[in-house]
Amino acid sequence: MRHRLAAEAGDVDAMSVLGSLLLRRGDLDGAESLLRAATASGDRAAANNLGVLLHQRGYVDEAAGWWRIAAVAGSAAAAHALGRHHRERGDEPAAEYWLRQSAEQGHTLGAYALADLLEHRGDVGAERWMRTAAERGHREAAYRLARVLDKRAEREGPGESGARTGTGLRPALSVLSSRPGVGGRVDGAKSGLVRPDMGARIGSMRPAGGVRSGDARSDNGRKDGVRAGGADARRGDRGLSLTDEAEQWYRQAAARGHRRAALHLGAILERRGDLKEAGRWYLTSAKDGEARAACALAFLLRDAGDEENAAVWWLRAAQDGDGNAANALGALHAERGETQTAERWYRAAMDAGDNNGAYNLGLLCAEQKRTAQADQWYRRAAYAGHREAANALAVLLLQGGDAAGAEPWFSKAAEAGSVDAAFNLGILYASRGDDAAALKWYERAAAAGHTEAALQVGTARLRDGDERDAERHLRCAAGGGSAEAAYRLGTVLDARRPPAGPPALGEPAAQKTECEEWYERAAEQGHRRAQVRVGMLAAGRGDVVEAARWYRLAAEAGSRNGAFNLGLLLAREGSEPEAALWWTRAADAGHGRAALRLALLYARRGQLAEGQRWASRAVELGPAEVAERAARLREALRQELTA
27 MRHRLAAEAG
37 DVDAMSVLGS
47 LLLRRGDLDG
57 AESLLRAATA
67 SGDRAAANNL
77 GVLLHQRGYV
87 DEAAGWWRIA
97 AVAGSAAAAH
107 ALGRHHRERG
117 DEPAAEYWLR
127 QSAEQGHTLG
137 AYALADLLEH
147 RGDVGAERWM
157 RTAAERGHRE
167 AAYRLARVLD
177 KRAEREGPGE
187 SGARTGTGLR
197 PALSVLSSRP
207 GVGGRVDGAK
217 SGLVRPDMGA
227 RIGSMRPAGG
237 VRSGDARSDN
247 GRKDGVRAGG
257 ADARRGDRGL
267 SLTDEAEQWY
277 RQAAARGHRR
287 AALHLGAILE
297 RRGDLKEAGR
307 WYLTSAKDGE
317 ARAACALAFL
327 LRDAGDEENA
337 AVWWLRAAQD
347 GDGNAANALG
357 ALHAERGETQ
367 TAERWYRAAM
377 DAGDNNGAYN
387 LGLLCAEQKR
397 TAQADQWYRR
407 AAYAGHREAA
417 NALAVLLLQG
427 GDAAGAEPWF
437 SKAAEAGSVD
447 AAFNLGILYA
457 SRGDDAAALK
467 WYERAAAAGH
477 TEAALQVGTA
487 RLRDGDERDA
497 ERHLRCAAGG
507 GSAEAAYRLG
517 TVLDARRPPA
527 GPPALGEPAA
537 QKTECEEWYE
547 RAAEQGHRRA
557 QVRVGMLAAG
567 RGDVVEAARW
577 YRLAAEAGSR
587 NGAFNLGLLL
597 AREGSEPEAA
607 LWWTRAADAG
617 HGRAALRLAL
627 LYARRGQLAE
637 GQRWASRAVE
647 LGPAEVAERA
657 ARLREALRQE
667 LTA
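Position 40 of the sequence shown, counting from 1, maps to 66 under our numbering, and the rest follow consecutively.
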């Protein structure tokens, strides 16, 4: 009311302010007369707001005329609005001129719009103005600056950022092991009409200090992809690492309510291991409607053991069109045996454009022995570029006897980076006797960390006599959990060890050697030969109890050497009847020395016919020295029986 009374009394500033208030309220008719009157008296803020009003009414050219008048008079807000007007018309040189005028006068939205224009043209100066807008509190600029820094950190490699991009379910191994990707475009920040700069008049060229834009249009700029420039490639302007600086800008934008900034901030914190704070930002973003954040939050909950709440967030994300969440729901229902529901969610993932849906449908059909349908879904995903689907399709064809049809798919998957496909190609070539080609693919898979491929390469190096390279690959495979590699590494190290002499009187027991540690690692994983070897080493130290334990484990798992050695140990301890049981098991499995021991045992007991039978068995089984002794014993028993 005070402004209205002052305006009626002819106060130009009151006319301008009252006109802007009515414009905010939507009273365009009431605002226009006041703004025109103030503009006629030379008020540049009124000229700017009159341009906004006319633009809202559709009089674009007339609006641009008033913006030009205000901009020439020094209105940064009008220069911003005029620059955007020229950009919408396709006149980029004029747009750049006016946006630069606005930005250089300290207008935040002008700096952001200029950065957006320069980024669109690939100008290296874009980052400077994006940073300027971000430092002045523009949340979208902060987010986009963070994206620039984050992507540059990714290009610099994991040593700088540890960042990873892309997602997708890990095929065959665990369809629940994925994480949502990050990226994408966001809604532009909207600028509002605000109080005009008091006292400024047309003709005054000084900047409008502290005045924000009166432009009421939305600020829809390009997202994600500002070209980096001007800063150190590895360090930001403040001496921070690229990832740390990106995190700061994500945090600033997220604190101002930018949902995708909150998503990216959560991803950085999750990679760092700060899961609690990551979960808070994911939750903030998810509540604002970001489906990928809901999916990421669900994975955090699942990993923490809260599968029930994870399913709630996956459902919410999947209903919002997130294919990754739909896949996760499908996998969850598949694990519960609810195959129809799982199939429905996998189809929903496909509808959302996620090729993992077709791949997972193939896995589901393959588990149900629906080979034709599995082939169909694998092919769909493989033709869309899903490398693990190509590998799975090749495996399916190979299992069906179509090796010729499988090879191209293995090759396609391997060339696309599938480690399993490279290993499978090695197996395929090895089955054809092409050891050189097989080794090439084994080496490729081993270089990517494939445990079994590293074992194959290590074994090949041992055959070639390259013990050093063999050891390197065996260590990789053993470290990856291969029991066979741990055993073979133990044998390599064992062969280098000098023979141990008897301990001197009072000498402390020797520490376990590295080879024994690898034997034990393999033995603990159930490797029978390693169990026998650990038992032999324990027996050599005089630890009969430990030796018997390992021999028994190996024997019960089907090791004939374990059964034979356990029998020897029991016989020395006076448990000959039990020893005979283990020797019998070993002899039945083809162990010649065990058969000879049984022949001698029965001969001592006077059971000559049984002794002769086992001696004949020992002759059959060998080896040569055993067969020779068994033959002599058999002849002696025959003579004794016929005497």
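By construction, the Cβ of each residue, glycine as well, lies at the ideal position given by its N, Cα and C atoms. Note that the structure is a prediction, hence the values are computed from the model and not measured.
Short of 6 Å in beta carbon distance, which residues of its chain neighbour residue i, apart from the five on each side in sequence? Order them along the chain.
i       : result
Ala-496 : Gly-484, Arg-487, Leu-488
Val-686 : The structure shown has nothing for residue 686, since the chain only spans 27 to 669.
Glu-493 : none
Trp-371 : Ala-352, Leu-355, Gly-356
Arg-296 : In the sequence on display, residue 296 carries Glu and not Arg. Result list for Glu-296: Ala-304, in chain order.
Leu-563 : Glu-542
Leu-387 : Tyr-372, Trp-403
Ala-167 : Tyr-138, Met-156, Ala-159, Ala-160
Ala-343 : Ala-317, Ala-320, Cys-321, Ala-351
Gln-127 : Ala-105
Gly-506 : Thr-477
Asp-520 : Cys-541
Ala-392 : Ala-400
Excluding five sequence neighbours on each side, which residues of the same chain lie with their C-beta closer than 7 Å to the C-beta of residue i?
i       : result
Val-652 : Gly-618, Arg-619, Leu-622, Ala-644
Leu-323 : Gly-305, Tyr-308, Leu-309, Ala-312, Trp-339
Arg-523 : Thr-539, Cys-541
Leu-592 : Ala-574, Tyr-577, Arg-578, Ala-581, Trp-608
Arg-660 : Gln-638, Ala-641, Ser-642, Val-645
Ala-463 : Tyr-455
Cβ of residue i within 8 Å of Cβ of residue j?
i       : j       : result
Ser-457 : Glu-478 : no
Arg-94  : Leu-76  : no
Arg-7   : Leu-515 : An answer regarding residue 7 cannot be provided, because it is not within the stretch 27 to 669 covered by the chain.
Ala-35  : Met-41  : no
Gly-452 : Ala-471 : yes
Val-16  : Ser-67  : Lying before the first or after the last residue shown, residue 16 is absent from the chain, which here runs from 27 to 669.
Gly-443 : Arg-405 : no
Leu-289 : Arg-328 : no
Ala-137 : Arg-162 : yes
Arg-178 : Met-156 : no
Trp-467 : Ala-439 : no
Glu-153 : Leu-268 : no
Leu-60  : Gln-82  : no
Leu-175 : Trp-92  : no
Leu-422 : Ala-400 : yes
Leu-465 : Ala-511 : no
Leu-79  : Leu-49  : yes
Ala-415 : Ala-378 : no
Leu-671 : Trp-124 : Here the chain covers residues 27 to 669 and nothing more, so residue 671 does not appear.
Val-445 : Ala-410 : no
What separation, rounded to the nearest whole angstrom, lies between the Cα atoms of residue i and residue j?
i       : j       : result
Ala-657 : Asp-569 : 35 Å
Leu-358 : Ala-368 : 7 Å
Ser-99  : Arg-70  : The residue you asked about is not Ser; residue 99 is Ala in the sequence shown. Cα-Cα distance, rounded: 7 Å.
Arg-554 : Gly-349 : 45 Å
Ile-294 : Ala-172 : 12 Å
Ala-605 : Gln-425 : 44 Å
Ala-420 : Ala-556 : 35 Å
Ser-642 : Pro-649 : 13 Å
Leu-647 : Arg-655 : 12 Å
Leu-47  : Gly-292 : 40 Å
Arg-28  : Glu-58  : 19 Å
Gly-632 : Gly-600 : 19 Å
Glu-333 : Ala-429 : 41 Å
Leu-634 : Ala-615 : 23 Å
Ala-281 : Leu-326 : 21 Å
Thr-397 : Val-150 : 54 Å
Gly-45  : Glu-88  : 18 Å
Gly-56  : Arg-285 : 38 Å
By Cβ distance below 8 Å, which residues in the same chain neighbour residue i in space, the five residues on each side in sequence not counted?
i       : result
Glu-602 : Leu-596, Leu-627
Arg-664 : Gln-638
Glu-433 : Ala-420, Leu-451, Leu-454
Pro-337 : Correcting the residue type first, residue 337 is Ala in the shown sequence and not Pro. Taken in chain order, the residues that qualify are Ala-324, Leu-355, Leu-358.
Examine chain D for any beta-carbon lying closer than 8 Å to the beta-carbon of residue i, and answer yes or no.
i       : result
Gly-593 : In the structure shown, chain D cannot be found, because there is only a single protein chain.
Are at least three pairs of beta-carbons, each pair with one atom in the segment 98-105 and one in the segment 115-135, less than 8 Å apart? yes
Could you tell me which whole beta strand (DSSP E) segments of length 3 or greater appear in the segment 108-170? none
Which full runs of the alpha helix (DSSP H) of 4+ residues lie inside the segment 462-546, going along the chain? 477-490, 493-505, 509-522
State whether the segment 579-592 contacts the segment 603-613, with contact taken as three or more CB pairs (one from each stretch) at a distance under 8 Å. yes
What are the uninterrupted segments assigned as alpha helix (DSSP H) that are 4 or more residues long and contained completely in the segment 386-437, given in chain order? 397-409, 413-425
In the segment 280-340, which residue ranges form an unbroken alpha helix (DSSP H) of at least 4 residues, counting only runs that do not cross its ends? 285-298, 301-313, 317-329
Alpha helix (DSSP H) runs contained entirely in the segment 555-604, provided each spans 4 or more residues: 570-582, 586-598
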